[in-house]
Each structure stands twice: as structure tokens, then as C-alpha cells.
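Under the numbering used here, read the sequence shown as residues -4 to 73, first letter to last.
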Amino acid sequence: MIIEIDGYFQQVLLTGKKCSKHQLKQNYLQAKKLTFEIKDLPNVFCRLHNFEQIPYDYDIKVEFVIDTDTDKIYSPSY
-4 MIIEIDGYFQ QVLLTGKKCS KHQLKQNYLQ AKKLTFEIKD LPNVFCRLHN FEQIPYDYDI
56 KVEFVIDTDT DKIYSPSY
């Protein structure tokens, strides 16, 4: 699955094992708890949950977006 981490400072695409929205929220909160600087969140998330960062491309359709400004997770509509 491909997810986007979207925040004030960055937009990052990650790819990894498919999971539910609920599980993704738990994974995000765990990574956020261990993150000192929000810009390091993608790296912490990847290390904890075996995801990998891929080059950002606006045209890639993602399954979920994690908005780090609001802590919301949603499925974008295309």
C-alpha cells in the first residue's frame, strides 16, 4: 500500500504492507510518540513499521493520507 504523510513542512510517500485505517492510526500514533521533530516522523514510521520512502509524485494515487497538522487519517477521493 502507498500512504502519504502530509504536513506543513513536507509531503512524503511511503510504501509498505497493507493495513486497515485503524491499524495505520495506531502505527502513526506510536511513531509520533517516539518522534522529537515532526520532520523526522517518516523515518521513524518506516523503521518501526517496515515501510519505505519513495520519491514524491503528485500523480501517484495513495490509499490513505496522514495529515500531521491535524492528526487525521483519510482516504482521498480521486
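We treat Cβ as the ideally placed atom computed from N, Cα and C, and that holds for glycine.
Does the beta-carbon of residue i have 16 or more other beta-carbons within 10 angstroms, so that it is buried, or is it exposed?
{"i": "Thr65", "result": "exposed"}
{"i": "Phe4", "result": "exposed"}
{"i": "Gln24", "result": "The sequence given here has Leu at residue 24, not Gln. Label assigned to Leu24: exposed."}
{"i": "Leu43", "result": "exposed"}
Residue i: which of the options sits nearest, CA to CA?
{"i": "Val60", "options": "Leu43, Arg42, Pro37 and Leu29", "result": "Pro37"}
{"i": "Ser15", "options": "Tyr53, Tyr51 and Glu58", "result": "Glu58"}
Please report the distance separating the alpha-carbon of residue i from that of residue j.
{"i": "Asn22", "j": "Thr30", "result": "12 Å"}
{"i": "Ile49", "j": "Thr63", "result": "18 Å"}
{"i": "Ser70", "j": "Asp52", "result": "17 Å"}
{"i": "Ile55", "j": "Tyr73", "result": "11 Å"}
Residue i and residue j: beta carbons closer than 8 Å?
{"i": "Val7", "j": "Ile0", "result": "yes"}
{"i": "Asn45", "j": "Lys12", "result": "yes"}
Assuming the contact rule is C-beta atoms closer than 8 Å, residue i and residue j should be a hit. Round their C-beta distance to whole Å, please.
{"i": "Cys41", "j": "Glu32", "result": "In fact, because the Cβ distance is near 15 Å, the residues do not count as touching under 8 Å."}
{"i": "Leu19", "j": "Ile68", "result": "6 Å"}
Can residue i be considered in contact with the ligand MG, in the sense that its beta carbon sits closer than 7 Å to one or more heavy atoms?
{"i": "Val39", "result": "Absence of the ligand MG is noted for the structure shown, with no ligands found whatsoever."}
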